[in-house]
Every structure is written in C-alpha cells, then in structure tokens.
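Numbering (full-length UniProt numbering), first residue to last: 1 to 153.
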Amino acid sequence: MASQAQVPAPALVAFASVGYLALLVAGLGFGSLIIDDDVITTSGVGLISAYVAAGISILAFAGFLIGPARHARPSFWLAGSTALGTAATHALALGVAALVSTGDLGVVGGVLSEILVGWVSPLIFGAALIASWAAIALRRTVASRPRWPWEDE
Numbered sequence: 001m002a003s004q005a006q007v008p009a010p011a012l013v014a015f016a017s018v019g020y021l022a023l024l025v026a027g028l029g030f031g032s033l034i035i036d037d038d039v040i041t042t043s044g045v046g047l048i049s050a051y052v053a054a055g056i057s058i059l060a061f062a063g064f065l066i067g068p069a070r071h072a073r074p075s076f077w078l079a080g081s082t083a084l085g086t087a088a089t090h091a092l093a094l095g096v097a098a099l100v101s102t103g104d105l106g107v108v109g110g111v112l113s114e115i116l117v118g119w120v121s122p123l124i125f126g127a128a129l130i131a132s133w134a135a136i137a138l139r140r141t142v143a144s145r146p147r148w149p150w151e152d153e
C-alpha cells in the first residue's frame, strides 16, 4: 500500500494514462508524417476501428498499471510487462474491430501483419513503456516538495 506522502494509485494511473495517450498520439502522428503515409493503410479498415483499438489500449494500459501502482516500491520490470500487455491488447482490439467492421478475415490478417511487422506496434510498446516507467519511477521516489533553508526555522 502507498504511504500518505505518495500520490494515490488511481491518480497515478490516471496521469500515466494521459501521458500514454499523449505519447501515442504524438508518436503515431510523427511516424505518419515521417513516412508520409497513413498509420494503417490496409483497405477496408477505417478510422473507427483504429480509434476503438486505441481507446481499448488506453484502458488496458490503466488496467495493467493499477497493480504495480498499488505497491510502495514496484519493480521497474513491471513497466515491460505493462507495455507488452498494452501492445498485445491493441493488436487484438484492432483485429476484432476490423473483423466487426468488415467481416473479412483476410482484412484482419492484413491489418495485423501490417501493424505487427511494421512500426505501429513497436511504437505503441515504446509509448506504454515510457509512460509506465515514469509512473513506477514516481511511485518509487521518496522526494518531497522543494524547500528553502529558512522554511525549517
């Protein structure tokens, strides 16, 4: 259980999830800008499927991070498992969303091979790794607010 001086676990997970969302949007945006192509180029897969998968991955990130956030000094290795689970959940959610929207298993295979072999899944893994590592680092720190020397008098 977290001590009274630490950020409460739900607040920590909420802030880390917002950080993950920011890294996800920025990473996918810059990646798309750099390669000068859409994030998902498989025909038949629309924006709704991508948005649903991203939203589910944010919820999965929060779900995977809540366990480590409740410990006073969680291991940094848990950031890796959080990131791996988040990236896998994103791929699964995108596959299911593509299947629901198109009904074609060929499209599902195409979009999954595109994101798993390409740059999208590694970027999602990296964004989740950075955000979960930052949350675990914040949980592990024992620092307090800055104080001037005369405040102790």
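Beta carbons are placed, not taken as given, at the ideal position from N, Cα and C, and that holds for glycine.
Local conformation of residue i per DSSP, three classes
| i | result |
| --- | --- |
| threonine 41 | coil |
| arginine 145 | coil |
| proline 8 | coil |
| tryptophan 119 | coil |
Between the CA atoms of residue j and residue i - distance to the nearest angstrom
| i | j | result |
| --- | --- | --- |
| valine 25 | serine 144 | 31 angstroms |
| valine 18 | aspartate 37 | 26 angstroms |
| glutamate 151 | proline 10 | 31 angstroms |
| valine 45 | valine 111 | 8 angstroms |
| leucine 105 | leucine 116 | 16 angstroms |
| isoleucine 124 | proline 74 | 22 angstroms |
| tryptophan 148 | alanine 72 | 27 angstroms |
Residue i vs residue j beta-carbon contact at 8 angstroms
| i | j | result |
| --- | --- | --- |
| alanine 134 | alanine 16 | yes |
| threonine 89 | alanine 60 | yes |
| alanine 93 | valine 52 | yes |
Neighbourhood of residue i by C-beta distance below 7 angstroms, restricted to the same chain and skipping five residues each side
| i | result |
| --- | --- |
| leucine 12 | Ala69, Ala135, Leu138, Arg139 |
| proline 146 | none |
| glycine 80 | Leu129 |
Residues near residue i by beta carbon distance below 6 angstroms, same chain, minus five either side
| i | result |
| --- | --- |
| serine 49 | Ala97, Ala98, Ser101 |
| serine 32 | Val39 |
CB contact check: residue i to chain D, cutoff 8 angstroms
| i | result |
| --- | --- |
| alanine 22 | Absent from the structure is chain D; it holds one protein chain and no more. |
Neighbourhood of residue i by C-beta distance below 8 angstroms, restricted to the same chain and skipping five residues each side
| i | result |
| --- | --- |
| valine 120 | Leu28, Gly31, Val39, Ile40, Glu114 |
Secondary structure, alpha helix (DSSP H): runs of 4+ residues fully inside the region 28-79:
Counting only runs of 4 or more, we get 47-69.
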